[in-house]
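Chains as they are written, first to last, in this note's numbering: chain B, 1 to 257; chain F, 258 to 541; chain E, 542 to 868. Ideal Cβ positions, reconstructed from N, Cα and C, are used throughout, including at glycine. Since the model is a prediction, treat every value here as computed from it, not as a measurement. Data block below; observations after.
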Amino acid sequence: MKKKKWPFIYVGIITAITYIPILVTVIYSFNESRISSVWEGFSLKWYVELFQDRDLKEALLNSLILAVLSCICAVLIGTTGALGMSRKKSKLNDTVAYAAMLPIMIPEIILGMVFLSVFSLMGLPFGMVTLVIAHTTFCVPYIYSMVKARLVGMDKALEEAALDLGASPIRVFFDVILPQILPAIFSGIILAFAMSFDDVVISIFVTGPTVNTLPVKIYTKLKTGVTPEINALATLMLLFTILLFGLSALAGRRKRV
Amino acid sequence: MKKKGKGNWVLLAPIYIFTIIFVAFPILYMFLLSVLSRAEVWGVDFKFTLDNYKRIFEPLYLNTFKESFLLAFLTTGFNILIGYPYGYFMARMNAVWKKRMMMLIMIPFWTSALIRLYGWIIVFRSNGVLDKILMGIGITDEPLKLLYSYPAVVVGMIYSLLPFMILSVYSSAEKVDYTLVEAARDLGASSFKAFWTVTFKLTLPGLLSGIILTFIPSMGLFFIADILGGNKIVLVGSLIQEQLTKGRNLPFAAALSAVLMILTSLLIGLYRRIAGTSELEGLV
Amino acid sequence: MNDVILQLKRIKKSFDNDTRVLKSIDLDIQRAEFITLLGSSGCGKTTTLRIIAGLELPDEGEVILEGQDITRLEPNKRNVNTVFQNYALFPHMSVAENIGYGLKLKKVPKGEIADKVEQMLRLVQLEGFEKRKPDQLSGGQRQRVAIARAVVNEPKVLLLDEPLGALDLKLRRQMQLELKRLQKQLGITFIYITHDQEEAINMSDRIAVMNQGVLEQIGTPNEIYYRPRTSYVADFVGNANILYCGDGTYAIRAENILMNGETVCVHTASVVEKSFAGGQLRILFRLQDGQSITASRYGIDSDIQVGSELKIGWLPEHAVKVVDDLS
Chain B
1 MKKKKWPFIY
11 VGIITAITYI
21 PILVTVIYSF
31 NESRISSVWE
41 GFSLKWYVEL
51 FQDRDLKEAL
61 LNSLILAVLS
71 CICAVLIGTT
81 GALGMSRKKS
91 KLNDTVAYAA
101 MLPIMIPEII
111 LGMVFLSVFS
121 LMGLPFGMVT
131 LVIAHTTFCV
141 PYIYSMVKAR
151 LVGMDKALEE
161 AALDLGASPI
171 RVFFDVILPQ
181 ILPAIFSGII
191 LAFAMSFDDV
201 VISIFVTGPT
211 VNTLPVKIYT
221 KLKTGVTPEI
231 NALATLMLLF
241 TILLFGLSAL
251 AGRRKRV
Chain F
258 MKKKGKGNWV
268 LLAPIYIFTI
278 IFVAFPILYM
288 FLLSVLSRAE
298 VWGVDFKFTL
308 DNYKRIFEPL
318 YLNTFKESFL
328 LAFLTTGFNI
338 LIGYPYGYFM
348 ARMNAVWKKR
358 MMMLIMIPFW
368 TSALIRLYGW
378 IIVFRSNGVL
388 DKILMGIGIT
398 DEPLKLLYSY
408 PAVVVGMIYS
418 LLPFMILSVY
428 SSAEKVDYTL
438 VEAARDLGAS
448 SFKAFWTVTF
458 KLTLPGLLSG
468 IILTFIPSMG
478 LFFIADILGG
488 NKIVLVGSLI
498 QEQLTKGRNL
508 PFAAALSAVL
518 MILTSLLIGL
528 YRRIAGTSEL
538 EGLV
Chain E
542 MNDVILQLKR
552 IKKSFDNDTR
562 VLKSIDLDIQ
572 RAEFITLLGS
582 SGCGKTTTLR
592 IIAGLELPDE
602 GEVILEGQDI
612 TRLEPNKRNV
622 NTVFQNYALF
632 PHMSVAENIG
642 YGLKLKKVPK
652 GEIADKVEQM
662 LRLVQLEGFE
672 KRKPDQLSGG
682 QRQRVAIARA
692 VVNEPKVLLL
702 DEPLGALDLK
712 LRRQMQLELK
722 RLQKQLGITF
732 IYITHDQEEA
742 INMSDRIAVM
752 NQGVLEQIGT
762 PNEIYYRPRT
772 SYVADFVGNA
782 NILYCGDGTY
792 AIRAENILMN
802 GETVCVHTAS
812 VVEKSFAGGQ
822 LRILFRLQDG
832 QSITASRYGI
842 DSDIQVGSEL
852 KIGWLPEHAV
862 KVVDDLS
C-alpha cells in the first residue's frame, strides 16, 4: 500500500486550525493585561479572580448538579424504555420512540420556546425543576438509542439460558441483561452529560431568576464585558477534559491485560 | 417467551408518560398557540387567527428565513468540503491513529462551545491575533474588520458543527469494506473512479446524516451569530428569542417556531426518503 | 422395565401465522435413557424441546414430569436444564461463574459451589479453565462448559439442542462418544435433538423420528433402520429406495438392490450414473416411469456401462413394507 503523506497533512492542518482558538484562549489566560491585544507579561491573577468569583462558582455547581440529575432521569427513562420497546414491536411503540428522539432532531430554539410556554402554562417554578425536565428531554435520546442498539445485537438465548438455570425474571435482568447494557448506558451518559453541561439555548429559556447555569452565565458575560477570567475557566476545563481522557485511556489499557 | 404483556407496561410507562407530557404535548401546544391572538401584556387571548402566519410572509420576516437558510446552506456546504475528506482520511488510518484522532476531535467537543467561540473573538477582533500576524508578515496594512461580520459568523458556525459531520462520515467510512475498492482498481478503474463509484456511494449514509446534523441545528444556533456577528445578523433563532422576551408576543413566536418545525420535519422526511432509514449514523 | 420419567400428552402448537408446528405429540420417555428427536429443519423438534424446557407454551396437551403436571410451570422452576445450540454462555462471567450460576441461584454455599465446579471441569476435561472468559475459549471448549453448566444442577432431564452443529467433523465425532459416555456415567435422562441420522444412530438408546409436526416412529436404532414404518423414516435414516410393488409400498436399502439372481419385483432400469468413492460403488438407475433408484455395493463392476439397461430387483426379506408419511 502506498503511504501517502497528504491525508495526514490535510488532517493535521484542519486539526491545527481547530485548536487555534483553544490555544489562544489558554495563552491569554496568563496575560497580565486585561485587553487581549496587548501582552503585558505572565500572570496568574485571572485564576485568582476566578477562584474568588462566587457567581461563577455557583453557576458551575448548578451546571454539574443539573447535568447529573438530568442524566439520572434520562437513564431511568431511556433504559426502561429501550428494554420495553425491544421486547415487543408495535406501531405505537415506534411512534413514541420517534417522539422521544425528536428533541435532538429539531433546532434547540424550538424546544426552548416550547418549554417556556408549556412550563408557564403548567405553572411550574422556573429554576432547577424546569431545567432538569428540559435537559432530561434531550438527554433521553442519547441513552435510549445507545441501549436500544445494544439490545438489538444481544443474544436472546442468554436470557433463556438464565431462566433455564433457575433465575427469576428480575435476576435475569440483573445478572445477564444489565451487565450487557452497562457499557451502552455509560457511552450514552458521557454524551448526554456533555450536551447538558454545554447547553446554552434551551437553558436560557427555562432558567429562573435565581438559578444560573455556567453556559448562560458565560453567555451573558460575553455579551456585556469580557474578562480574561473566562480564559482561565476555559483553560481549567480543558485540563480537566484532557485528564479524564487520559484516565479512561489508561483504564482501557489495563483492562486488556 | 411467555408473559411479555404485563411486565412490559411497567417498563414502557416512564418513557410513554414522559414523552407524551414533555415532548408531544408541548409541540402540539405550540401549534395551538400559533393560531391564537396576542393578549395585552403577556399570554394569549383565545381568539382564533391566522394573522401570525400571515405576518411571516411580510418581507422583513421572510427575509429572516431566507438569511437563516442561506447561512445553513453555507455552513453545511463548507462542512461537507472540509469534513468529508477529514472523516474519510480518519477512517483509513490505522487503529492507533484512529484512537488519537478521535481524542483530538473529542477534546474540543467537550470544552464549552461558548468558550471556543470566544477564542475566535480574540483571534478575529481588530488588532487581535490574526491581524497581528497578517500585519506582521506584511500581507495587510490595516486591521481587518473581521469580527462582527458575516464571514466571522460562518466560520463560527462551521467550527461548531464540523465535528458532527466528521463523526458521521467517519462512522460510515469505517464500515466500508475497502477490498471492494481494490476489486474496482483490479477491474481497471482509476483511483478517482474507484473512489467515486465505490467509496463515495457506500459513505453516502454518513454524509447525508452529517448534512442533517449540520443543517438543522444551524437554523437554530442563534447565539453564534449573536456573539460573532453582533446585532447585524438576524436569524430565525434570534427572532424567536426576541419575540418571546422583548416583544412579548407569544403567538407570533409560536408561529415562527411552528414554521421552523415544519421545515425541519420536511428535511427529515426528505432524508428518510433518500437514505431509506430513520437511524442517524454517527449518533450511535 | 417401565420407568417413565417424562410424558408428553397430545401436545399441539401453532404459531401466530397459523402454521401448525406440532400436530399432536405423544411421547413417553424412560428414566436414564438417551433418546433423540430426529428430523429435518422445521419438523418441530426444537419446539418440542422448548415446550419441555418451559420456554414455549403448548396450545393443548400436557407435559408430565415424574407424575407432576409442569405444562404451565415457568422454566426457572422446572428441574430440567438445557444445553443451547449456540451455547449461550454468559460473556461477562468466567467459566467458573457460568458453571456455578445455577447453584448460586439455589443458594448453595460458596465452598460447595467451588467443589462442584471443580468436579464438573474434571468431568469435561477442562481443569484449570476456571478464570477464563467465554471469548477466550474454542468452540469445543465452550460446548463443554455449556454441558457442565447444565449438568452440575443435576436435572431430572437434560435437553440438548443440536449442541454439536457448530463443530467440525472430527470434533463432532469425538464429542458424540464423550456425550454418550457422560450420559452413562451420570445416569441422567438425555433428550437430544439433531437432524444428523448418523449422530442419532451412534448415540441413542431410542430415536423418535419427526416429520412436519408428527412423530412418525419411535424405536431403537435397529428398529428404525431395519424396520422403518413410513417412507419418510426409511428415506431419512439410511437413504432407502421407496418402491411400489403389487400390494404396497416398500423400502429397500441401496445395498440390497440386486442386479441378478433370484429376485422379486423385477424392474427394467437404465444406468444413469456410476460413481466410486470410499470403497463403495454407487449406481444410479432410472426406471421406466422416471423414478430413480440407487444401488450400492463393494467392488467395481467395470462391465456395467452407463446407458445400458438391466433388470434389478431384491430379495423379499430385504423389503420393508411402509406407509406413506403420516403427515
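Next on the checklist: My output table needs one value for residue 58/B: the three-state DSSP class, helix, strand or coil.
Outcome noted: helix
Next on the checklist: Taking the beta carbon of residue 704/E as the centre, do at least 16 other beta carbons fall within 10 Å, making it buried, or is it exposed?
Outcome noted: buried
Next on the checklist: Any C-beta of chain B within less than 7 Å: which residues of the segment 576-603 of chain E qualify?
Outcome noted: 594 and 596
Item to check | Alpha-carbon spacing of residue 310/F relative to residue 108/B, whole angstroms | outcome: 21 Å
Checklist entry - Can you tell me whether DSSP reads residue 210/B as helix, strand or coil? => result coil
Checklist entry - Does the beta carbon of residue 573/E fall short of 7 Å from some heavy atom of the ligand FMN? => result In the structure shown, the ligand FMN is absent, as is every other ligand, since no ligand is present at all.
Next on the checklist: Taking the beta carbon of residue 343/F as the centre, do at least 16 other beta carbons fall within 10 Å, making it buried, or is it exposed?
Outcome noted: buried
Item to check | residue 78/B vs residue 269/F beta-carbon contact at 8 Å | outcome: no
Item to check | CA-to-CA distance, residue 284/F to residue 520/F, given in whole angstroms | outcome: 14 Å
Checklist entry - residue 622/E touches chain B at which residues, Cβ-Cβ below 8 Å? => result 164 and 165
Checklist entry - DSSP on residue 804/E, reduced to helix/strand/coil? => result coil
Item to check | Touch test, the segment 662-674 of chain E against the segment 683-692 of chain E, Cβ-Cβ under 8 Å, three pairs minimum | outcome: yes
Item to check | Residues of the segment 625-655 of chain E with Cβ closer than 7 Å to any Cβ of chain B, in chain order | outcome: 625, 627, 629, 631, 633, 642, 643, 646 and 647
Checklist entry - residue 47/B CB to nearest chain F CB: under 8 Å? => result no
Checklist entry - Going along the chain, which residues of its own chain have a beta-carbon closer than 6 Å to the beta-carbon of residue 701/E, five neighbours each way excluded? => result 624 and 733
Item to check | Under the three-state DSSP convention, the category residue 484/F falls into | outcome: helix
Next on the checklist: At the level of alpha carbons, what is the spacing between residue 86/B and residue 80/B?
Outcome noted: 10 Å
Item to check | Inside the segment 298-363 of chain F only - alpha helix (DSSP H) runs reaching at least 4 residues | outcome: 308-313 and 316-349
Checklist entry - According to DSSP, is residue 751/E helix, strand or coil? => result strand
Next on the checklist: So residue 194/B contacts chain D; which residues on that side make the cut at Cβ distance below 8 Å?
Outcome noted: The displayed structure is made up of protein chains B, F and E, and chain D is not among them.
Checklist entry - Leaving out the 5 sequence neighbours to the left and right, which residues in its chain are closer than 8 Å to residue 212/B when beta-carbon positions are compared? => result 55, 58, 59 and 62
Checklist entry - Any idea what DSSP makes of residue 276/B, helix, strand or coil? => result The requested residue 276/B does not occur in the structure, where chain B is confined to residues 1 to 257.
Item to check | Touching by the beta-carbon criterion (3+ pairs, under 8 Å), the segment 509-517 of chain F and the segment 482-499 of chain F | outcome: yes
Next on the checklist: Taking the straight line between their C-alpha atoms, what separation do you get for residue 557/E and residue 266/F?
Outcome noted: 22 Å
Item to check | Element boundaries [beta strand (DSSP E), containing residue 836/E] | outcome: 833-839
Item to check | Test: residue 52/B CB closer than 8 Å to a CB of chain E | outcome: no
Next on the checklist: Less than 6 Å between C-beta atoms, sequence neighbours within five positions excluded: which residues of the same chain meet that for residue 736/E?
Outcome noted: 581
Next on the checklist: In this structure, how does DSSP classify residue 71/B when only helix, strand and coil are distinguished?
Outcome noted: helix
Next on the checklist: DSSP three-state label for residue 540/F, please.
Outcome noted: No answer about residue 540/F holds up, because its pLDDT of 49 lies below 50 and its placement is not dependable.
Checklist entry - Is residue 821/E helix, strand or coil by DSSP? => result strand
Checklist entry - Is residue 797/E helix, strand or coil by DSSP? => result helix
Next on the checklist: I need the boundaries of the alpha helix (DSSP H) containing residue 683/E, first residue and last residue.
Outcome noted: 680-692
Checklist entry - Can at least three beta-carbon pairs, one atom from the segment 474-481 of chain F and one from the segment 100-114 of chain B, be found at a separation below 8 Å? => result yes
Checklist entry - Looking at the unbroken beta strand (DSSP E) that takes in residue 732/E, where does it start and where does it end? => result 730-735
Next on the checklist: Taking the alpha-carbon of residue 160/B as reference, which of 631/E, 560/E and 826/E has the nearest alpha-carbon?
Outcome noted: 631/E
Checklist entry - Expressed to the nearest angstrom, what Euclidean distance is found between the alpha-carbon atoms of residue 577/E and residue 730/E? => result 11 Å
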